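Under this note's numbering, the first residue of the sequence shown carries the number 261, and numbering increases by one thereafter.
What follows is a set of notes on a single structure, which appears directly below.
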Amino acid sequence: MPDLPTPQDAAEAALFTECWDAVLSYADLCTSGAESATELAGEAFALGIQEARSAGSGLMRGPARRVLPVIPLLLTAVRTTAAAWELAGRGHRLDPDLRLWLNSEKAARYHGMPLQRPIALRGLRDLQEADAALLWLAEVEALPLPVVARRLGLDPTAVSTELAQVRALFRDRCHRSHLDTPMDAECRSYARLLDAVTRSPAADTPEDLSRHLATCVQCAEAAACLRLAGGGLPAALASGVIGWGGLAYLERRRRAAEVRLGAGRPVAELEAGEPKEGASKARLVRNGLLAAAVLLSLVALGVSMMPMGGSGHDNAVRDDADRQPVADHPGPTLSSAGAHPSGTSSTSARPTASSTATDARDKNPDTEPQGTASTTAGNSPAPTRSSGSGAGPGSGSGTTAPASCDVTYDLVNQWPDGFQATVTVTTTKALDAWRLAWSYRDGQQVTQMWDASVAQDGSRVTATAADYNKNVAADGSFTFGFLGTWNNSRNSAPYGFTLNGASCK
Numbered sequence: 261m262p263d264l265p266t267p268q269d270a271a272e273a274a275l276f277t278e279c280w281d282a283v284l285s286y287a288d289l290c291t292s293g294a295e296s297a298t299e300l301a302g303e304a305f306a307l308g309i310q311e312a313r314s315a316g317s318g319l320m321r322g323p324a325r326r327v328l329p330v331i332p333l334l335l336t337a338v339r340t341t342a343a344a345w346e347l348a349g350r351g352h353r354l355d356p357d358l359r360l361w362l363n364s365e366k367a368a369r370y371h372g373m374p375l376q377r378p379i380a381l382r383g384l385r386d387l388q389e390a391d392a393a394l395l396w397l398a399e400v401e402a403l404p405l406p407v408v409a410r411r412l413g414l415d416p417t418a419v420s421t422e423l424a425q426v427r428a429l430f431r432d433r434c435h436r437s438h439l440d441t442p443m444d445a446e447c448r449s450y451a452r453l454l455d456a457v458t459r460s461p462a463a464d465t466p467e468d469l470s471r472h473l474a475t476c477v478q479c480a481e482a483a484a485c486l487r488l489a490g491g492g493l494p495a496a497l498a499s500g501v502i503g504w505g506g507l508a509y510l511e512r513r514r515r516a517a518e519v520r521l522g523a524g525r526p527v528a529e530l531e532a533g534e535p536k537e538g539a540s541k542a543r544l545v546r547n548g549l550l551a552a553a554v555l556l557s558l559v560a561l562g563v564s565m566m567p568m569g570g571s572g573h574d575n576a577v578r579d580d581a582d583r584q585p586v587a588d589h590p591g592p593t594l595s596s597a598g599a600h601p602s603g604t605s606s607t608s609a610r611p612t613a614s615s616t617a618t619d620a621r622d623k624n625p626d627t628e629p630q631g632t633a634s635t636t637a638g639n640s641p642a643p644t645r646s647s648g649s650g651a652g653p654g655s656g657s658g659t660t661a662p663a664s665c666d667v668t669y670d671l672v673n674q675w676p677d678g679f680q681a682t683v684t685v686t687t688t689k690a691l692d693a694w695r696l697a698w699s700y701r702d703g704q705q706v707t708q709m710w711d712a713s714v715a716q717d718g719s720r721v722t723a724t725a726a727d728y729n730k731n732v733a734a735d736g737s738f739t740f741g742f743l744g745t746w747n748n749s750r751n752s753a754p755y756g757f758t759l760n761g762a763s764c765k
């Protein structure tokens, strides 16, 4: 598989991480195996980024032009790469239904005459890129509006109003595209009626128009794009822009959003923004008092069980345990389900997928003895994909609590003076807040973090949940990413991961 393009700056590196998950998800739909999916996604990602750079899109370098946002642009690159595989005799690695579609007239519409292409594709391309990105992230990627606002640099209090305006603008563009499409006399006679019926959510569709929409593909596509009420816009966008597998991709992104943000959490809560200051302070005080009470009880129990004249080693263990962060709330000790072998080094420059339903399916438990991962990582000249371990310099020893959290540290990319990484945590316990901490051996410094807030004291880094992803269901997971600097001589993996003050081993 060819190497992916190297990010030109930190903003582009963050963009790569956000886009790779979507590309790999669609590539997995298009292929017959995980290995083929990764290869197809890699080739398509390189092709799409090259196209975005040459077009000079607003999120990349160069002057802004009217092009597709980066994610749908990369998804169309997956479709284009799959078609190239079919022509090159590699079609046996693709999904059989996709191969049939690629050799049909349906696929020809996406690269044929511009006025014959799907209405949604033409309407989205006709928007300014920032508007098109807002529409795609909110409707297709199913991200909560506060997340979309942060990602696009918009005012969180005004993003809902902006989205409503962009929806109306998209409808207007699609209506113009529909009128510009070459159509027969019957379709032309229904054009004005179709516009009027889809403008009002309460309007009934006349029987003759309904029969026409059941037999005319172009008018049915136009109706789906023009009818903003009813929740059909995401499906119209996904099917019209992506083509084959659009609805399946849409469902995957919905499930991925649920996994990232916590299953069952109301959307209204996510859109509400920050909690009231008084309630937040009260919760922090209550949790702090409860945690302190539990900590004091544990210390008293430990003192009562110690033999007289304890050794210096025992004292060192207690001192090290006292340095661990205090838990946000009381509960059983959180520890890992097992360490990933550090031998699986992330030597590729390929970004890694976020915590999606596919990741949860592919995650394999491990049985490596405690301490192996961190010991190997300490001898490695580059960051590795490994689980968090309490073993390592300065870590405590001797606990054998049942494992209940698992940490995966992924090196996404690395350049002479910096690197990008993502961290995925899976927990068997439900969380209403989380704080993950770890230590670096080689003086690395975290400079920017997304999907969490960061604090660093020397080699110890602490990532605290954002308001929109602090709730995690039992057996759920959360992911965040960051950029950092290193000294260009050694950049080994971190060690000593703790979740809410408890070690992940």
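We treat Cβ as the ideally placed atom computed from N, Cα and C, and that holds for glycine.
Owing to the predicted nature of the structure, the values given are computational and were not obtained by experimental measurement.
Range of the contiguous alpha helix (DSSP H) that encloses Leu-384 | Stepping through the sequence shown from its first residue, residue 384 is reached at position 124. Where Leu-384 is concerned, the enclosing alpha helix (DSSP H) stretches over 379-385.
How should Arg-433 be labelled, buried or exposed, when 16 other C-beta atoms within 10 angstroms of its C-beta is the threshold for buried?
-> For the purposes of this step, residue 433 is taken as the residue at position 173 of the sequence shown. It is buried - the Cβ of Arg-433 has at least 16 other Cβ atoms within 10 Å.
Segment contact, 8 angstroms Cβ cut-off, at least three pairs: the segment 394-403 with the segment 490-500 | Yes: the two stretches touch, three or more of their Cβ pairs being nearer than 8 angstroms.
Taking C-alpha atoms, which residue in Gln-704, Asp-666 and Glu-278 lies nearest to Gly-736?
-> Here residue 736 refers to the residue found at position 476 of the sequence shown. Answer by Cα proximity: Asp-666.
How is Cys-665 classed by DSSP in three states: helix, strand or coil?
-> Reading the sequence shown from its first residue, position 405 is the one you call residue 665. Cys-665 falls in the strand class under three-state DSSP.
Mark Pro-329 as exposed unless 16 or more other C-beta atoms lie within 10 angstroms of its C-beta, in which case mark it buried.
-> Position 69 of the sequence shown, counted from the first residue, corresponds to residue 329. It is buried - the Cβ of Pro-329 has at least 16 other Cβ atoms within 10 Å.
Determine which residues share a DSSP beta bridge with Ser-499 and list them.
-> Translated into positions along the sequence shown, residue 499 becomes position 239. Residue pairing by DSSP places Ser-499 opposite no residue, since no beta bridge is assigned to it.
Whole angstroms is fine: what's the gap from Tyr-286's alpha carbon to Ala-697's?
-> Mapped onto the sequence shown, residue 286 falls at position 26. Mapped onto the sequence shown, residue 697 falls at position 437. Those two C-alpha atoms are separated by around 33 angstroms.
Decide if Arg-695 is buried, meaning its Cβ has at least 16 other Cβ atoms within 10 Å, or exposed.
-> Taking the first residue of the sequence shown as 1, we reach residue 695 at position 435. Classification of Arg-695: buried, given that the 10 Å Cβ count is 16 or more.
Per the contact definition of three or more C-beta pairs closer than 8 angstroms, is the segment 457-473 in contact with the segment 409-416?
-> Proximity of the segment 409-416 to the segment 457-473 falls short of the contact definition, fewer than three beta-carbon pairs being nearer than 8 angstroms.
Closest Cα partner of Arg-459 within the set Cys-479, Met-443, Leu-486 and His-472 = Position 199 of the sequence shown, counting from 1, holds the residue named residue 459. Among Cys-479, Met-443, Leu-486 and His-472, the Cα nearest to that of Arg-459 belongs to Leu-486.
By DSSP, does Glu-295 sit in helix, in strand, or in coil?
-> Residue 295 sits at position 35 when you count from the first residue of the sequence shown. In this structure, Glu-295 counts as helix in the three-state DSSP scheme.
Which residues does DSSP pair with Met-709 in a beta bridge?
-> Locating residue 709 in the sequence shown gives position 449, counting from the first residue. DSSP, once it has assigned bridges, lists Phe-742 as partnering Met-709.
By the 10 Å Cβ neighbour count, where 16 or more other Cβ atoms means buried, how is Val-683 classified, buried or exposed?
-> Position 423 of the sequence shown holds residue 683. Buried is the call here.
Could you name the residues that DSSP lists as bridge partners for Val-426?
-> One-based indexing of the sequence shown puts residue 426 at position 166. Residue pairing by DSSP places Val-426 in no beta bridge whatsoever.
Can the beta-carbon of Leu-384 be found closer than 7 angstroms to that of Val-426?
-> Numbered from 1 along the sequence shown, position 124 holds the residue referred to as residue 384. Numbered from 1 along the sequence shown, position 166 holds the residue referred to as residue 426. Against a cut-off of 7 angstroms, the Cβ pair of Val-426 and Leu-384 comes out as no contact.
By Cβ distance below 6 angstroms, which residues in the same chain neighbour Thr-686 in space, the five residues on each side in sequence not counted?
-> Here residue 686 refers to the residue found at position 426 of the sequence shown. For Thr-686, where only same-chain residues beyond five positions count, the Cβ hits under 6 angstroms are Asp-666 and Ser-737.
Under 6 angstroms from any heavy atom of the ligand NAD, does the C-beta of Leu-414 make it?
-> Questions concerning the ligand NAD fall outside what the structure shown contains, since it holds no ligand whatsoever.
What did DSSP end up calling Ala-301 once you bin it into helix, strand or coil?
-> For the purposes of this step, residue 301 is identified with residue 41 of the sequence shown, where counting begins at 1. In the three-state reduction of the DSSP assignment, Ala-301 falls in the helix class, which pools H, G and I.
Roughly how many whole angstroms lie between the Cα atoms of Leu-493 and Arg-377?
-> For the purposes of this step, residue 493 is taken as the residue at position 233 of the sequence shown. For the purposes of this step, residue 377 is taken as the residue at position 117 of the sequence shown. Cα to Cα, the separation comes out at about 18 angstroms.
Cβ pair count under 8 angstroms reaching 3, the segment 698-708 against the segment 300-317 | Result no; under three Cβ-Cβ pairs closer than 8 angstroms.
Reducing DSSP to helix, strand and coil, say where Thr-475 ends up.
-> In the sequence shown, counting from the first residue as 1, residue 475 sits at position 215. In this structure, Thr-475 counts as coil in the three-state DSSP scheme.
Taking the C-alpha atoms as reference points, what is the distance between Leu-429 and Thr-441?
-> Position 169 of the sequence shown, counted from the first residue, corresponds to residue 429. Position 181 of the sequence shown, counted from the first residue, corresponds to residue 441. If you take the alpha carbons of Leu-429 and Thr-441, they lie about 19 angstroms apart.
So, using beta-carbon positions, are His-472 and Asp-455 closer together than 7 angstroms?
-> The residue given as residue 472 occupies position 212 in the sequence shown. The residue given as residue 455 occupies position 195 in the sequence shown. Taking 7 angstroms as the Cβ cut-off, His-472 and Asp-455 do not qualify as a contacting pair.
With DSSP run on the structure shown, which of helix, strand or coil describes Thr-223?
-> Residue 223 lies beyond the residue range present for the chain, which begins at 261 and ends at 765; the question has no answer from this structure.
Under three-state DSSP, which class holds Gly-224?
-> The question about residue 224 has no answer, for the chain in this structure spans 261 to 765.
Around the C-beta of Ala-418, are 16 or more other C-beta atoms found within 10 angstroms, so that it is buried, or is it exposed?
-> Position 158 of the sequence shown holds residue 418. Flag for Ala-418 reads exposed.
Starting from Arg-720, follow its DSSP beta bridges and name the residues at the other end.
-> As a position in the sequence shown, residue 720 is number 460, starting the count at 1. Arg-720 pairs with Ser-699 and Asp-717.
Select from Asp-717, Ser-749 and Gln-674 the residue whose C-alpha is nearest the C-alpha of Glu-272.
-> By one-based count along the sequence shown, residue 272 stands at place 12. Distances from the CA of Glu-272 to each of Asp-717, Ser-749 and Gln-674 were compared; the closest alpha carbon is that of Gln-674.
Separation of Ala-297 from Gly-741, as counted between CA atoms = Position 481 of the sequence shown holds residue 741. Position 37 of the sequence shown holds residue 297. Gly-741 and Ala-297: Cα-Cα distance of roughly 23 angstroms.
Shorter than 7 angstroms from the beta carbon of Glu-303 to some beta carbon of chain D?
-> The structure shown contains no chain D; it is built from a single protein chain.
As assigned by DSSP and simplified to three states, the class of Ala-725 | Counting from 1 along the sequence shown, the entry for residue 725 is found at position 465. Of the three classes helix, strand and coil, the one that applies to Ala-725 here is strand, per DSSP.
Kindly indicate which residue of Thr-722, Val-283, Ala-733 and Leu-743 has the alpha-carbon position closest to the one of Ala-502.
-> Here residue 502 corresponds to residue number 242 of the sequence shown, with the count starting at 1. One point to set straight first is that residue 502 is Ile, not Ala, in the sequence displayed. The shortest Cα separation from Ile-502 among Thr-722, Val-283, Ala-733 and Leu-743 belongs to Val-283.
How is Asp-464 classed by DSSP in three states: helix, strand or coil?
-> Walking along the sequence shown from the start, residue 464 turns up at place 204. In this structure, Asp-464 counts as coil in the three-state DSSP scheme.
Are the beta-carbon atoms of Val-732 and Leu-671 separated by less than 7 angstroms?
-> For the purposes of this step, residue 732 is taken as the residue at position 472 of the sequence shown. For the purposes of this step, residue 671 is taken as the residue at position 411 of the sequence shown. The Cβ-Cβ distance between Val-732 and Leu-671 does not fall below 7 angstroms.
Would you check if the distance between the CB atom of Trp-345 and the CB atom of Trp-504 is smaller than 7 angstroms?
-> As a first step, residue 345 must be located in the sequence shown, where it is residue number 85. As a first step, residue 504 must be located in the sequence shown, where it is residue number 244. With respect to the 7 angstroms criterion, Trp-345 and Trp-504 are not classified as neighbours on the basis of their beta carbons.
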